[in-house]
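Working notes, beginning with the structure itself.
Numbering (full-length UniProt numbering), first residue to last: 1 to 386.
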């Protein structure tokens with residue numbers, strides 16, 4: 001980061017998939033774009049699944065083949081014990097879009113950032129970018145922001161500001177947006193390793209339990225991650241985050257316990273906890289600013305919509321800004337309405353999936369979700385993510 005060249009057409013806080021996708025599209029349109037990333041959170045991210053239905057978003061960025069060549073592990077479907085104890089398998093072999101991908105998140109994020117830089121984006125790593133205020137129309141720069149790195153601070157001027165900072169969405173909240181949380185879901189992740197290295201099951205495993213549900217995936221590096229999802233007021237966070245708490249709780253499962261035992265898995269890292277609730281900003285766009293990715297709206301991991309939504313909102317936000325600069329006064333308003341439609345459809349679909357599990361209907365975790373399924377509105381079918 002340096003003080004030279006601190007005037008941009010767009011300043012983007014957050015260099016994950018949403019921010020990088022947005023930056024690339026704007027830069028290709030000739031915009032001067034700053035992409036700043038504070039780091040930290042991304043270092044702790046586990047692998048995530050990219051469903052085949054959203055791989056076309058990578059094609060729009062010209063990155064589909066590059067990502068395929070990056071050594072991510074194919075995800076050939078799922079195995080789930082959901083609704084009954086026996087379990088069932090599904091695969092992606094019959095899907096026209098091809099296989100899904102189990103991402104190495106660090107490699108995937110770096111690929112997107114590198115592509116944005118090749119398009120001419122200025123990247124400031126380890127930099128906190130915080131909006132000071134939107135200026136009045138007619139001023140040279142519609143947004144004033146502060147970029148801080150290593151104790152040094154410079155002022156940044158930009159015509160647009162994009163919040164891609166994740167679920168916290170601090171810049172958008174500073175501008176008056178509020179986070180609407182639709183549940184209290186938390187995720188607890190544990191990495192496992194096996195000396196045998198003979199696990200070849202690339203499917204996503206899902207197992208419902210009395211107080212929540214588990215999932216597990218094989219990471220590209222050969223480790224396996226197991227994750228427990230439960231409500232904040234129903235779980236003992238201190239126990240799950242300390243020592244062998246999560247590993248001990250895994251032993252109460254049936255199918256995942258057997259899978260891990262068959263390959264001799266043992267914990268190899270500390271448990272990581274994370275917010276996993278369904279949430280959205282009540283205002284994902286305003287005067288010369290927009291929120292993208294998890295900052296705008298976040299999803300239950302059961303939906304596998306996180307990465308797809310990040311790419312989709314990044315692309316849509318860039319197009320909305322380009323349209324607005326071209327004289328379309330309603331472009332950002334339509335962007336905000338589109339996001340609200342997406343989340344409304346998603347919540348109805350999610351409620352229907354949770355309603356399929358009835359074995360513990362009287363337990364608080366499941367009773368809450370069954371109540372949402374009963375009261376779920378029927379949203380417009382036209383609002384879809386992909």
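Every residue, glycine too, gets a C-beta built ideally from N, C-alpha and C.
For a test of the three-state rule: what should DSSP assign to residue 248, helix, strand or coil? Position 248 of the chain shown, counted from the first residue, corresponds to residue 248. Of the three classes helix, strand and coil, the one that applies to residue 248 here is helix, per DSSP.
CA nearest to the CA of residue 253, picked from 343, 207, 49, 53: Along the chain shown, one-based indexing puts residue 253 at 253. Nearest neighbour of residue 253 by Cα position, chosen from 343, 207, 49, 53, turns out to be 207.
Flag this pair as yes or no: are the beta carbons of residue 227 and residue 189 separated by less than 9 Å? Along the chain shown, read from residue 1 onward, the residue named residue 227 stands at position 227. Along the chain shown, read from residue 1 onward, the residue named residue 189 stands at position 189. It is a contact, given that the beta carbons lie within the stated cut-off.
Compute the distance between the beta-carbons of residue 61 and residue 21, then report whether it is under 9 Å. The residue labelled residue 61 in the question sits at position 61 within the chain shown. The residue labelled residue 21 in the question sits at position 21 within the chain shown. With respect to the 9 Å criterion, residue 61 and residue 21 are classified as neighbours on the basis of their beta carbons.
Between which two residues does the alpha helix (DSSP H) holding residue 339 run? As a first step, residue 339 is located in the chain shown; it is residue number 339 there, counting from the start. Element bounds for residue 339: 331-355.
Contact under 9 Å by Cβ, residue 411 with residue 262: Only positions 1 to 386 of the chain appear in this structure, which leaves residue 411 out of reach.
How far does the beta strand (DSSP E) with residue 74 in it extend, from its first residue to its last? On the chain shown, residue 74 is found 74 positions in, with the first residue counted as 1. Unbroken beta strand (DSSP E) run through residue 74: 73-75.
Leaving aside the five residues before and after residue 126 along the sequence, list all residues of the same chain whose C-beta is less than 6 Å from its C-beta, in chain order. Along the chain shown, one-based indexing puts residue 126 at 126. 39, 149, listed in sequence order.
Identify whether residue 6 lies in helix, strand or coil by the three-state DSSP scheme. Translated into positions along the chain shown, residue 6 becomes position 6. Of the three classes helix, strand and coil, the one that applies to residue 6 here is coil, per DSSP.
Residue ranges of each beta strand (DSSP E) run of no fewer than 3 residues wholly in the stretch 136-215, ordered along the chain? 143-149, 152-163, 179-181, 185-193, 204-209
Length-filtered (3 minimum) beta strand (DSSP E) runs lying within the stretch 97-122: 100-103
Pick out the complete alpha helix (DSSP H) segments inside the stretch 242-286, 4 residues or longer, and give them in chain order. 245-250, 255-262
Buried or exposed: where does residue 266 fall if 16 or more other Cβ atoms within 10 Å of its Cβ makes it buried? Translated into the one-based positions of the chain shown, residue 266 becomes position 266. In this structure residue 266 is exposed. Its beta-carbon is surrounded by fewer than 16 other beta-carbon atoms within 10 angstroms.
Helix, strand or coil: how does DSSP classify residue 14 here? Against the chain shown, residue 14 aligns to sequence position 14. If DSSP states are grouped into helix, strand and coil, residue 14 belongs with coil.
Just the C-alpha distance for residue 119 and residue 63, rounded to the nearest angstrom, thanks. Stepping through the chain shown from its first residue, residue 119 is reached at position 119. Stepping through the chain shown from its first residue, residue 63 is reached at position 63. Taking the straight line joining both Cα atoms gives about 13 Å.
What do you reckon, are the CB atoms on residue 282 and residue 167 nearer than 9 Å? Indexing the chain shown from 1 puts residue 282 at position 282. Indexing the chain shown from 1 puts residue 167 at position 167. No.
Return the chain-ordered list of same chain residues with a C-beta closer than 6 Å to the C-beta of residue 9, the five sequence neighbours on each side being excluded. For the purposes of this step, residue 9 is taken as residue 9 along the chain shown, with counting starting at 1. Around residue 9: 31, 32, 159.
Report the partner residues of residue 299 according to the DSSP bridge assignment. Working through the chain shown from its first residue, we reach residue 299 at position 299. Residue 299 pairs with nothing; no bridge assigned.
Kindly indicate the opening and closing residues of the alpha helix (DSSP H) around residue 306. To locate residue 306, count along the chain shown from 1; it is residue 306. Run containing residue 306: 306-325, per the alpha helix (DSSP H) assignment.
Please list the terminal residues of the continuous alpha helix (DSSP H) segment that includes residue 65. Indexing the chain shown from 1 puts residue 65 at position 65. Note, residue 65: alpha helix (DSSP H), 64-68.
Quick check: what's the CA-CA separation for residue 310 versus residue 318? As a working mapping, residue 310 is identified with position 310 in the chain shown. As a working mapping, residue 318 is identified with position 318 in the chain shown. Going from the Cα of residue 310 to the Cα of residue 318 covers about 12 Å.
From residue 25 to residue 280, what does the alpha carbon distance come to, in whole angstroms? Reading the chain shown from its first residue, position 25 is the one you call residue 25. Reading the chain shown from its first residue, position 280 is the one you call residue 280. Distance between the alpha carbons of residue 25 and residue 280 is about 24 Å.
Of the choices 369, 114, 163, 234, whose alpha-carbon is the least far from that of residue 131? Taking the chain shown and counting its residues from 1, one reaches residue 131 at position 131. With distances taken between Cα atoms, residue 131 lies closest to 163.
Assign residue 291 to buried or exposed, taking buried as 16 or more other Cβ atoms, counted over all protein chains shown, within 10 Å of its Cβ. As a working mapping, residue 291 is identified with position 291 in the chain shown. The residue in question, residue 291, is buried, as its Cβ has 16 or more Cβ neighbours within 10 Å.
Per-residue burial, residue 55 [other beta carbons within 10 Å of its own, 16 or more giving buried]: The residue you call residue 55 lines up with position 55 of the chain shown. Buried, by the Cβ-count rule.
Which of helix, strand or coil does DSSP assign to residue 24? As a first step, residue 24 is located in the chain shown; it is residue number 24 there, counting from the start. Here residue 24 sits in helix by DSSP.
Please determine, among 154, 339, 205, the residue with the shortest C-alpha to C-alpha distance to residue 7. Start at 1 with the first residue of the chain shown, and residue 7 comes out as number 7. The candidate whose alpha carbon is nearest that of residue 7 is 154.
With a Cβ-Cβ cutoff of 9 Å, do residue 213 and residue 78 count as a contact? Indexing the chain shown from 1 puts residue 213 at position 213. Indexing the chain shown from 1 puts residue 78 at position 78. With respect to residue 78, residue 213 sits apart: the two C-beta atoms are not nearer than 9 Å.
Integer-rounded CB distance, given that residue 370 should sit under 8 Å from residue 355: What you label residue 355 is simply residue 355 of the chain shown in a count that begins at 1. What you label residue 370 is simply residue 370 of the chain shown in a count that begins at 1. Residue 355 to residue 370, Cβ: 6 Å. Contact.
Which residues does DSSP pair with residue 131 in a beta bridge? If you number the chain shown from 1, residue 131 lands on position 131. BP columns for residue 131 point to 145.
In or out: residue 196 buried (at least 16 other Cβ within 10 Å) or exposed? Residue numbering aside, residue 196 sits at position 196 when the chain shown is read from its first letter. Classification of residue 196: exposed, given that the 10 Å Cβ count is below 16.
Backbone CA spacing between residue 397 and residue 234 [nearest angstrom]: The structure shown does not extend to residue 397, since the chain spans only 1 to 386, so no value can be given for it.
Is residue 161 near residue 336, with beta carbons less than 9 Å apart? Your numbering for residue 161 matches position 161 in the chain shown. Your numbering for residue 336 matches position 336 in the chain shown. A distance of 9 Å or more separates the beta carbons of residue 161 and residue 336.
So residue 288 packs on residue 143, CB below 8 Å; how close in whole Å? On the chain shown, position 288 is the one that residue 288 refers to. On the chain shown, position 143 is the one that residue 143 refers to. The Cβ separation is near 6 Å, so the contact holds.
CB contact flag (residue 332, residue 293, <9 Å): Your numbering for residue 332 matches position 332 in the chain shown. Your numbering for residue 293 matches position 293 in the chain shown. No.
When DSSP labels each residue in this structure, what does residue 291 get in the three-state scheme? Against the chain shown, residue 291 aligns to sequence position 291. The three-state secondary structure of residue 291, taken from DSSP, is strand.
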